[in-house]
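See below for the structure under consideration.
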Amino acid sequence: YFDLNLDYGTLNPAFSDMNWVSEKWNPYRISAYIQDKIEAYGFIANIGLRMDVSNPNTTWVETDPFNKAFFSTTSASTSSVTPTKVKPEVSVSPRLGISHPITETSKLFFNYGHFKQMPAYEEIFRLGRGMGGDMRNYGDPNLVQAKTISYELGFDQSLFDTYLFQIAAFYNDISDQQAFTYYSSDRKSIAYYAANNNSYSDVRGFEVTLRRTSGDWVRGFLNYTYQVSNLGQFGSPTVAEDPAQQRINDLNQVNPLYLLVRQKPVPQPRANASVTFLTPAKGFGPNIFGIEPLSDWSVNVVGAWKAGQWLTYDPNNVSAIQNNIQVTDNFNVNLRVNKTFEFKAFAVTLFMEARNLLNNKRLSGVSFYDIADYRTYMASLHLPESVAYDNVPGDDRVGDYKTDGVKYQPVLFTRNVNGINTQSADFNSSIIYYDQPTNKYKNYVNGAWAEVDQARMQKILDDKAYIDMPNNSSFDFLNPRQFFYGLSLSFKL
């Protein structure tokens, strides 16, 4: 049961404008699960069935998406719109796990199951209106839970009674994922996003894992996963009331979110590693007044790497371009240190946790002031050559950034420096141009084009001084190294 009290909004005292939301929602969920274990003929089967009931416990307006009285700035006139009771969703999810021992130290296994995931309540109950009363974001409590049908086939091998080697292949079919449709009507002053279940995807791949499952001093695991995902959407993500405008929308499918067709497969491997160093819980080291300072220590280091996702960048509007540039890889290391002190009636554990131990920087998307800021950043990157854009060629990825403290040096792409009007009032001689015919960096010096000094240019490239960083510089990096300290108490009954 959830008690959701929404009390938020915007206020402009200078113009007496106010847009405030004060609402109360009480959705609830009920889940039940049964499971049985069957052993026969060398097979071990775990069979389960889960039932989920999700009830938004509210009423909601279901009306024409271009209802002017409800969605436009004249939304105060909504007396003709009657909300209806939202029906609860009941779902049943089967689960099956089968293992077949081959030898005393190895087995084959197969897992199958249906899994449900609730959409965020923020999107379900959202009624976001602008200062003028027009709808901007429209939720839907009728959204169903996203469903994943999962298949896994694998092999386990125990090694030396200490290690476990596992290799497995998997396939996940995901449907009814949350998506949004943009509705627009110039005639009725309507422009808003409506939540729906139109998105789908599938993920397939394999993973290899090596675990040290026991050990007095060292434990841990190493995992590598290679997976490929597809993404698609039913219907158009942009719906215009004007049929002529809708035809234009359907023809100009250059936005990566415009998924009238299925996107091509995208690989995104990842790896995780964890190692824990331990000292014996008792009897290790000196005993000082009943306290063993060297006993019961735990030091855990967790590392994670994930290949950067692929994006579509196509300012030249070339048809059929998909997933042509990549985001920088994500790498992170966390550290946690525990020390437990045992007493007769209770135990005290002191801990220190360091997140992003190596202080790796990752450029934040919220650092862009607006879409123009994002476009200038993208245009400044030195990307792999493509007909989809006119960038200086290089090996940059989205997320690369200029070295701290280095002055910005604009470097622009041109098809021919001789075509640049150096007599124009807007001409800036401090700009360096990449001349496509000669594949050289040039600037305008003493009334003529000359190649930039190689040492200077190499320094600019090494420092990535050419990257036009986002304007909201305070939000460039939101993942600084952080330290947390604390203690936990556990009582012995």
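The sequence shown stops at residue 495 when you use this note's numbering, and every number in between is there.
We put the beta carbon where it would ideally sit given N, CA and C, even for glycine.
**Prompt:** Does the distance from the C-beta atom of T330 to that of G401 stay below 8 Å?
**Reply:** Taking a C-beta distance under 8 Å as the contact criterion, T330 and G401 qualify as a contact pair.
**Item:** Nearest to G156 (by Cα), restricted to the options A34, S300 and E209
**Value:** Just measuring C-alpha positions, the residue of A34, S300 and E209 sitting nearest G156 is E209.
**Request:** Would you decide whether N28 is buried or exposed? Buried here means 16 or more other CB atoms lie within 10 Å of its CB.
**Result:** By the 10 Å Cβ count, N28 comes out exposed.
**Request:** Use the C-beta contact count for T440: other C-beta atoms within 10 angstroms, 16 or more gives buried, fewer gives exposed.
**Result:** Burial call: exposed.
**Message:** Let me check one thing: in DSSP terms, what residues is A306 bridge-paired to?
**Reply:** The partner list for A306 (beta bridge, DSSP) reads N274 and N334.
**Message:** Just to confirm my understanding: we take A349, look at its own chain, exclude 5 residues before and 5 after, and list those with CB closer than 7 Å. What are they?
**Reply:** Answer for A349: T342, F343 and S492, listed in chain order.
**Asked** If we count Cβ pairs, one from each stretch, closer than 8 Å, do we get three or more for the segment 164-172 versus the segment 132-149?
**Response** The segment 164-172 vs the segment 132-149: no contact.
**Message:** Using 8 Å as the threshold, is the C-beta distance between W299 and T281 below it?
**Reply:** Inclusion of W299 and T281 in the CB contact set at 8 Å is warranted, their separation being smaller than that value.
**Request:** Would you kindly report the start and end of the unbroken beta strand (DSSP E) that includes Y165?
**Result:** Per DSSP, the unbroken beta strand (DSSP E) holding Y165 starts and ends at Y165 to S187.
**Prompt:** If you drop the 5 nearest sequence neighbours on each side, which residues of the same chain put their C-beta closer than 6 Å to that of S24?
**Reply:** Cβ neighbours of S24 beyond the five flanking positions: D9.
**Item:** Residue closest to P472, alpha-carbon to alpha-carbon, out of F370, A356 and V389
**Value:** Considering only alpha carbons, the answer is F370.
**Request:** Starting from L129, follow its DSSP beta bridges and name the residues at the other end.
**Result:** The partner list for L129 (beta bridge, DSSP) reads Y140.
**Item:** Closest residue to S203 among S101, E91, A196 and Y173 (Cα-Cα distance)
**Value:** The candidate whose alpha carbon is nearest that of S203 is Y173.
**Request:** Return the first residue and the last residue of the alpha helix (DSSP H) that L463 is part of.
**Result:** Secondary structure note for L463: its alpha helix (DSSP H) is the uninterrupted segment Q456 to D465.
**Message:** Can you check which of these residues, P121, L6 and T150, is closest to S95 by C-alpha distance?
**Reply:** The candidate whose alpha carbon is nearest that of S95 is T150.
**Prompt:** Are the beta-carbon atoms belonging to V241 and P67 less than 8 Å from one another?
**Reply:** It is a contact, given that the beta carbons lie within the stated cut-off.
**Prompt:** The alpha helix (DSSP H) with R249 in it runs from where to where?
**Reply:** Annotation: the continuous alpha helix (DSSP H) that includes R249 extends over P245 to L253.
**Request:** Determine, using beta-carbon pairs with one atom in the segment 356-365 and one in the segment 473-487, whether at least three such pairs fall under 8 Å.
**Result:** The segment 356-365, when compared against the segment 473-487, does touch it at the 8 Å Cβ threshold.
**Request:** Write down every uninterrupted run of the alpha helix (DSSP H) in the segment 364-400 whose length is 4 residues or greater and which is fully enclosed by it, in chain order.
**Result:** You should have 373-382.
**Prompt:** Alpha carbon to alpha carbon, how far is Y260 from D316?
**Reply:** Because Y260 sits at a pLDDT of 42, beneath the cut-off of 50, its placement in the model cannot be relied upon, and the point is left open.
**Prompt:** Hey, quick one: how far does the beta strand (DSSP E) through P486 stretch, first residue to last?
**Reply:** Just to set this straight, residue 486 is Phe in the shown sequence, not Pro. Start and end: Q484 to F493.
**Item:** Which listed residue (P295, N57, K26 and N48) has its alpha carbon closest to that of I32
**Value:** By alpha-carbon distance to I32, the top candidate from P295, N57, K26 and N48 is N57.
**Prompt:** Which term fits D478, buried or exposed, when burial requires 16 or more other beta carbons within 10 angstroms of its beta carbon?
**Reply:** Looking at its Cβ environment, which holds 16 or more other Cβ atoms inside 10 Å, D478 is buried.
**Request:** Would you kindly work out how many angstroms separate the C-alpha atoms of S366 and L463, rounded to a whole number?
**Result:** Straight-line Cα distance between these residues: approximately 22 Å.
**Request:** Using beta-carbon positions only, say whether N332 and F353 come within less than 8 Å of one another.
**Result:** The beta carbons of N332 and F353 sit no closer together than 8 Å.
**Asked** Beta carbon of V55, beta carbon of V92: below 8 Å?
**Response** Yes, Cβ-Cβ distance for V55 and V92 is below 8 Å.
**Request:** Starting from the C-beta of K409, find all residues in its chain whose C-beta is less than 7 Å away, skip the five residues before and the five after it, and write them out in chain order.
**Result:** Taking K409 as the centre and dropping the five residues before and after it, the same chain places the C-beta of A467 closer than 7 Å to its C-beta, in chain order.
**Rounded separation between G50 and G130 - CA only** = Straight through space, the alpha carbons of G130 and G50 are spaced by roughly 41 Å.
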